[in-house]
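Each remark here refers to the structure printed beneath this line.
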Amino acid sequence: MLHKTLIASLLGLALVGCGQQDPQAKVSAALTDGVLLPAYSSWQEADRQLAVNAEAFCAGNADLNAARQAFLGAQSAWAGLQPLLVGPLAEGNRAWQIQFWPDKKNLVQRQVEALLKNKPQLSADDLSNASVVVQGLTAYEYILFDPNLDLAQPEQKARYCPLLQAIGKHQQALAAEIVGEWQAKSGMAEQLKQFPNERYADANEAIAELLRVQVSALDGLKKKLGAPMGRQSKGIAQPYQAEAWRSAASLANQGAALANAELLWHGSNRDGIQSLLGEDQADLAKRIDDAYQDTRQRLAALDSPLVELLADEAGRTALNELYDSLNRLHRLQESELAKALGVQIGFNAHDGD
1 MLHKTLIASL LGLALVGCGQ QDPQAKVSAA LTDGVLLPAY SSWQEADRQL
51 AVNAEAFCAG NADLNAARQA FLGAQSAWAG LQPLLVGPLA EGNRAWQIQF
101 WPDKKNLVQR QVEALLKNKP QLSADDLSNA SVVVQGLTAY EYILFDPNLD
151 LAQPEQKARY CPLLQAIGKH QQALAAEIVG EWQAKSGMAE QLKQFPNERY
201 ADANEAIAEL LRVQVSALDG LKKKLGAPMG RQSKGIAQPY QAEAWRSAAS
251 LANQGAALAN AELLWHGSNR DGIQSLLGED QADLAKRIDD AYQDTRQRLA
301 ALDSPLVELL ADEAGRTALN ELYDSLNRLH RLQESELAKA LGVQIGFNAH
351 DGD
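Next up, the structure:
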């Protein structure tokens with residue numbers, strides 16, 4: 001009888017063990033369902049609204065302000081994906097179809113004008129065959145916000161609307177394609193939850209990539225802030241190197257990206273990357289929490305557009321303090337967090353910018 005009881009107990013323990021997920025797999029699955037998929041779905045919906053609004057605006061059923069608000073929504077949703085760029089959107093040059101930055105030579109303006117000169121009745125196929133410079137949100141922003149354009153004028157609206165509509169449709173189709181690849185059988189979402197697969201040998205590889213992308217995104221935020229501040233040009237401010245200088249949304253984009261980076265860290269239910277740290281690493285977790293809070297608060301305290309802040313000493317001081325805060329956050333994750341999780345960061349997409 002004792003022998004049978006022992007066998008039953010051991011069998012029960014074995015079954016419990018088989019049903020348990022390792023911590024990395026649990027976090028990867030939780031982040032997929034609680035952070036990544038919702039963010040990609042929000043981006044898809046924002047791009048759908050962008051396309052719908054472009055049609056309405058060009059048909060005279062929506063005003064310029066509504067068109068601009070739809071753009072800002074799409075741009076914010078895209079900015080929020082920066083810390084989450086794993087899988088399909090990070091491949092095949094697709095991200096360049098959404099945003100062209102940095103644009104150091106004002107290629108967006110030049111190529112938009114050249115395209116419309118050659119193709120005044122632009123079609124969707126014409127846009128698909130054109131450069132990525134004119135396919136995305138940066139070109140859309142130029143049309144709606146450039147100070148030298150005025151779409152309230154009927155002749156200008158007629159000139160630029162075909163491209164506006166084509167970009168809206170292109171962004172909507174691209175977002176639908178990407179989200180479809182996430183949701184498909186054996187697609188990206190499943191690959192982040194079922195191991196091994198063709199992308200990840202185990203959950204450790206998935207967590208490592210999520211951390212690398214987050215670290216790369218934080219580095220990218222530093223560059224997007226530092227470039228207009230003149231940190232790459234001997235201290236001479238470069239306001240037209242701001243990510244979204246035309247729409248005055250550069251700092252709002254920073255906020256959207258930072259929010260999702262922090263969400264990846266915490267998770268939607270305290271089940272993010274932070275949960276992989278042990279009790280002996282509580283000090284590191286607190287320092288990263290504090291760094292996120294400090295950066296978030298400094299960003300929220302800036303009540304003027306980036307370009308305006310660059311124009312006076314107090315604004316520049318506040319921007320430098322924000323940059324330093326962001327740098328501390330980036331370094332904590334790039335070095336100490338990566339070491340704690342056993343992740344080699346290596347090359348990132350912003351190296352060499």
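Anchor point for the sequence shown: position 283 equals 283 in UniProt numbering, and the numbering is continuous, going up by one each time. We put the CB at the ideal spot given by N, CA and C, even for glycine.
Measure the CB-CB distance between residue i and residue j and report whether it falls below 8 Å.
i: Gly87; j: Ala46; result: no
i: Phe71; j: Leu89; result: no
i: Leu225; j: Leu322; result: yes
i: Leu210; j: Leu264; result: yes
i: Gly60; j: Phe100; result: no
i: Leu221; j: Leu116; result: no
i: residue 357; j: Leu84; result: This structure does not reach residue 357, given that the chain is present from 1 up to 353, and the question cannot be answered.
i: Val132; j: Gln165; result: no
i: Ser233; j: Glu243; result: no
i: Leu332; j: Ala291; result: yes
i: Leu218; j: Ala261; result: yes
i: Ile345; j: Glu334; result: yes
i: Ala54; j: Gly168; result: yes
i: Pro162; j: Leu107; result: no
i: Ala39; j: Leu81; result: yes
i: Val206; j: Leu277; result: Note that residue 206 is Ala in the sequence shown here, rather than Val. For Ala206 and Leu277, no; Cβs fall outside 8 Å.
i: Leu310; j: Ala237; result: yes
i: Asp271; j: Ala30; result: yes
i: Val343; j: Ala208; result: yes
i: Gln274; j: Ala285; result: yes
i: Ala227; j: Gln241; result: yes
i: Ala152; j: Val112; result: no
i: Val179; j: Ser41; result: yes
i: Arg48; j: Gln172; result: yes
i: Ala189; j: Leu37; result: yes
i: Asp126; j: Lys119; result: yes
If you follow the alpha helix (DSSP H) that residue i is part of, which residue opens it and which one closes it?
i: Lys339; result: 338-341
i: Lys26; result: 23-31
i: Ile345; result: No alpha helix (DSSP H) holds Ile345; DSSP gives it neither H nor E.
i: Glu45; result: 37-58
i: Leu67; result: Note that residue 67 is Ala in the sequence shown, not Leu. That run of the alpha helix (DSSP H) goes 64-80.
i: Glu334; result: Glu334 -> no alpha helix (DSSP H), and no H or E assigned at all.
i: Glu91; result: No alpha helix (DSSP H) holds Glu91; DSSP gives it neither H nor E.
i: Val112; result: 107-118
Three or more C-beta pairs below 8 Å linking the stretch 64-72 and the stretch 135-147:
Between the stretch 64-72 and the stretch 135-147, the count of C-beta pairs closer than 8 Å reaches three or more; the two stretches touch.
Which parts of the stretch 175-221 are runs of the alpha helix (DSSP H), unbroken and 4 residues or longer, counting only runs that do not cross its ends?
The stretch 175-221 contains, as complete alpha helix (DSSP H) runs of 4+ residues, the segments 188-191 (chain order).
Would you check if the stretch 248-257 and the stretch 73-82 touch, i.e. whether three or more CB-CB distances between them fall below 8 Å?
These segments touch.
Go through the stretch 293-325 residue by residue and report every complete run of the alpha helix (DSSP H) that reaches 4 residues or more, in order.
306-309, all fully within the stretch 293-325.
Three or more C-beta pairs closer than 8 Å, one from the stretch 19-35 and one from the stretch 195-208: is that the case here?
When C-beta atoms of the stretch 19-35 are compared with those of the stretch 195-208, three or more pairs fall below 8 Å, so the two segments count as touching.
Could you give the uninterrupted runs of the alpha helix (DSSP H) lying entirely in the stretch 127-179, keeping only those of 4 residues or more?
Counting only runs of 4 or more, we get 137-145.
At 4 residues or longer, what runs of the alpha helix (DSSP H) sit wholly inside the stretch 212-295?
Runs of the alpha helix (DSSP H) inside the stretch 212-295: 250-266.
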